[in-house]
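Protein chains in written order, with our numbering: chain A, 161 to 506; chain B, 161 to 506. Here's the structure we're looking at; comments come further down.
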């Protein structure tokens with residue numbers, strides 16, 4: 161009998177296989193796997209649920225990630241999924257598996273970061289689990305939130321002609337990671353080496369202490385704009401846009417010139433001789449929100465700072481295109497840089 | 161500067177330190193850390209939330225635990241915490257970190273167990289996360305449920321004079337684990353050795369495929385009995401009873417002769433020359449429910465099968481006593497066998 165290895169099946173193949181026969185039996189389980197958060201409906205009151213696993217050596221490297229930042233980021237990656245449903249996070253649970261190499265002071269620092277994020281995002285830490293771990297630091301966070309039934313936004317509502325918008329700028333978190341890994345590598349080879357991080361404060365913060373888009377929902381509501389689809393950018397623009405397109409049954413066209421890139425992202429990309437566009441499209445971990453709006457809402461969107469229209473939804477038959485400066489187009493690839501490592505949500 | 165190691169501070173000291181300054185800011189966050197599940201209140205509709213982390217080498221050994229059973233048990237340990245609030249589980253999320261040594265078939269088996277448990281406990285699998293893992297199989301399950309505001313039971317409601325009751329029998333899961341570890345050890349030393357598991361079907365199932373107390377709440381409600389305090393027995397009778405006493409501000413007296421022990425538990429304990437009482441008091445993982453009722457409800461409880469009155473709540477000043485057959489008493493110790501490994505919930 162032949163055993164299929166995971167690498168043969170592929171992680172997306174496995175997730176598809178595991179989830180294909182899931183049946184939801186409770187009327188309240190309105191949305192299960194396949195979006196940023198699951199949705200539970202109790203007489204019109206919606207509870208959103210999302211969970212993320214963070215493993216040492218896969219998602220973070222404790223040689224250069226401070227524990228307090230790691231705690232903060234563990235919360236951010238989860239509340240970001242609630243915002244990506246146009247919802248409001250309310251509570252989290254935090255479970256940790258602690259290897260013996262960690263001091264109690266290190267764990268306290270981690271929880272300081274957790275509590276700082278709870279303050280900033282106005283959420284309650286309501287529970288969790290703790291365990292010893294034989295191998296590495298393990299973090300599992302679950303976030304709960306809510307959304308008004310009329311305001312909730314799924315990945316599936318985008319239509320041909322809708323405008324593709326993004327908050328903030330893209331690729332910074334990935335370039336921050338490259339910088340940290342490069343300098344850490346140099347330091348590991350030469351303990352006298354002094355890591356050169358100056359001039360890159362912004363992209364380092366994007367990687368080590370990202371923020372979720374706390375105010376987007378409120379801003380859009382104030383201008384009477386209801387997005388047709390939303391997702392947070394955790395895997396990279398290309399991969400996350402394809403999630404929306406797949407759920408909505410559309411194609412897409414992105415104008416690469418319009419993709420917002422921070423000067424520090426540009427600068428380091430230039431130094432490393434890679435295209436900043438690669439960081440934006442495939443880097444991930446930016447925790448910005450990618451969303452679509454009906455073309456009629458474009459005018460209402462204009463006064464809002466920090467939001468950029470970067471493309472347009474097309475018909476499914478049109479595929480997924482990147483339009484370059486000279487108007488030529490190339491096919492957009494789905495692969496995030498972390499494929500094969502971080503896999504993805506159910 | 162001196163760094164406090166975890167073993168110096170102790171795991172309970174750490175959990176206390178991490179949770180002592182937690183403030184709940186949302187009115188809806190009715191109960192945070194310190195019970196079997198957190199409680200979120202939306203206009204009288206209560207959502208219960210509980211989460212458990214299961215790590216390879218700490219909570220399970222894949223050399224003798226079948227993946228399907230592991231999936232089933234991962235659900236059971238979580239829904240058990242919902243039943244221990246006198247609630248009904250409704251949904252779960254399942255996150256896994258998968259090491260490269262696992263085949264896709266093994267992961268599918270694990271999910272078969274998850275789905276089997278979802279069917280049995282009538283709950284929906286609504287989400288989760290997947291990741292590669294550098295070290296060992298990692299499982300994090302979160303269960304959501306609900307309870308009627310008038311029916312929910314906390315650890316804190318027991319009063320002096322209340323009767324201490326327990327479902328099923330105790331110590332079986334621990335004796336099953338001892339048997340599995342003993343036979344696995346013999347097999348590891350001699351690959352020709354054929355593990356001897358016959359005659360121990362019951363305690364093996366208690367360890368490998370435990371069940372949670374699905375029907376207890378319904379049965380008690382039908383007889384108009386409302387427990388004053390409840391907890392599930394995951395750490396062992398002594399440890400879990402002390403959790404109730406601490407939350408309720410009481411002492412306790414257990415009549416050891418009354419503690420229900422299965423014949424297979426007795427038999428193996430005899431063979432291994434240990435007291436079955438040690439397995440019942442400190443073994444854990446039985447996932448039975450320990451609860452207290454007002455003395456006036458004793459008569460209503462009597463016809464219910466599978467429930468045993470094992471003791472009485474006393475004043476805090478009376479301490480925690482075990483009354484032996486000859487009426488002498490000894491102090492009940494708090495330590496579960498897994499202290500220092502599995503730590504505990506926030």
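Ideal Cβ placement from N, Cα and C applies to all residues, glycine included. A quick note: this is a predicted structure, and the numbers were derived from the prediction, not measured.
Quiz item: Are residue 368(A) and residue 339(A) closer than 8 angstroms when you measure CB to CB?
Solution: no
Practice problem: At 3 residues or longer, and completely inside the segment 267-342 of chain A: list those beta strand (DSSP E) runs for me, N to C. | Solution: 284-292, 298-307 and 323-327
Quiz item: Can you tell me where the beta strand (DSSP E) with residue 254(A) in it begins and where it stops?
Solution: 248-258
Quiz item: Less than 7 angstroms between the CB of residue 209(B) and some heavy atom of the ligand SAM, yes or no?
Solution: With respect to small molecules bound, the structure shown includes none, and the ligand SAM cannot be examined in it.
Self-check item: Interface flag, residue 322(A) vs chain B, CB-CB below 8 angstroms
Solution: no
Quiz item: Relative to the alpha-carbon of residue 241(B), which residue among 293(B), 180(B), 306(B) and 228(B) has its alpha-carbon at the smallest distance?
Solution: 306(B)
Quiz item: Of all Cβ atoms in chain A, is any one closer than 8 angstroms to the Cβ of residue 499(B)?
Solution: Note that residue 499(B) has pLDDT 48, beneath the 50 cutoff, so the model's placement of it is unreliable and no number is given.
Quiz item: Considering only C-alpha positions, which residue in the set 278(A), 401(A), 277(A) and 439(A) is nearest to residue 479(A)?
Solution: 401(A)
Quiz item: So with Cβ pairs under 8 angstroms, would you call residue 185(B) a contact of chain A?
Solution: yes
Quiz prompt | Alpha carbon of residue 391(B) to alpha carbon of residue 404(B), nearest angstrom | solution = 7 angstroms
Quiz item: Can you find a CB in chain C that lies within less than 8 angstroms of the CB of residue 298(B)?
Solution: Given the protein chain composition of this structure (A and B), no chain C is represented.
Self-check item: Neighbouring residues, chain B, relative to residue 177(A) (Cβ below 8 angstroms)
Solution: 264 and 268
Exercise. Give the residues from the segment 305-333 of chain A that approach chain B closer than 9 angstroms (Cβ to any Cβ), ordered along the chain.
Key: 306
Quiz item: Which two residues bound the contiguous alpha helix (DSSP H) that contains residue 399(A)?
Solution: 397-408
Practice problem: Buried or exposed for residue 223(B), please, with buried defined as at least 16 other CB atoms from any protein chain shown within 10 angstroms of its CB. | Solution: exposed
Practice problem: Sort 322(B), 489(B), 285(B) and 389(B) by Cα distance to residue 312(B) and report the nearest one. | Solution: 389(B)
Practice problem: Could you work out which residues of chain B lie near residue 218(A), taking near to mean beta carbons separated by less than 7 angstroms? | Solution: 291, 292, 293 and 294
Exercise. Note the first and the last residue of the continuous beta strand (DSSP E) segment covering residue 262(A).
Key: It is not in any beta strand (DSSP E) - residue 262(A) carries neither H nor E in the DSSP assignment.
Exercise. Please confirm whether residue 250(A) and residue 188(B) have their CB atoms less than 8 angstroms apart.
Key: yes
Quiz prompt | Sequence-distant residues of its chain with Cβ nearer than 6 angstroms to residue 424(B) (five each side left out) | solution = 360, 362 and 363
Quiz item: Should residue 183(A) be labelled buried (16 or more other beta-carbon atoms within 10 Å of its own) or exposed?
Solution: exposed
Practice problem: Compute the distance between the beta-carbons of residue 197(A) and residue 245(A), then report whether it is under 8 angstroms. | Solution: yes
Practice problem: Measuring only between beta-carbons, confirm whether residue 250(B) sits less than 8 angstroms from chain A. | Solution: yes
Quiz item: Near residue 207(B), which residues of its chain fall below 7 angstroms by C-beta distance, leaving aside the five closest residues on each side in sequence?
Solution: 200, 304 and 306
Exercise. Between the Cα of residue 413(B) and those of 274(B), 235(B), 264(B) and 474(B), spot the shortest distance and give me the residue it belongs to.
Key: 474(B)
Quiz item: Among residues of its own chain, excluding the 5 on either side of residue 180(B), which ones have a beta-carbon nearer than 8 angstroms to its beta-carbon?
Solution: none
Quiz item: Between the Cα of residue 488(B) and the Cα atoms of 449(B), 417(B), 448(B) and 421(B), which residue gives the shortest distance?
Solution: 417(B)
Quiz item: Whose Cβ in chain B lies nearer than 8 angstroms to the Cβ of residue 198(A)?
Solution: 251, 253, 286 and 287
Exercise. Starting from residue 257(B), find everything on chain A with Cβ-Cβ shorter than 8 angstroms and list it in chain order.
Key: 213, 215, 218 and 298
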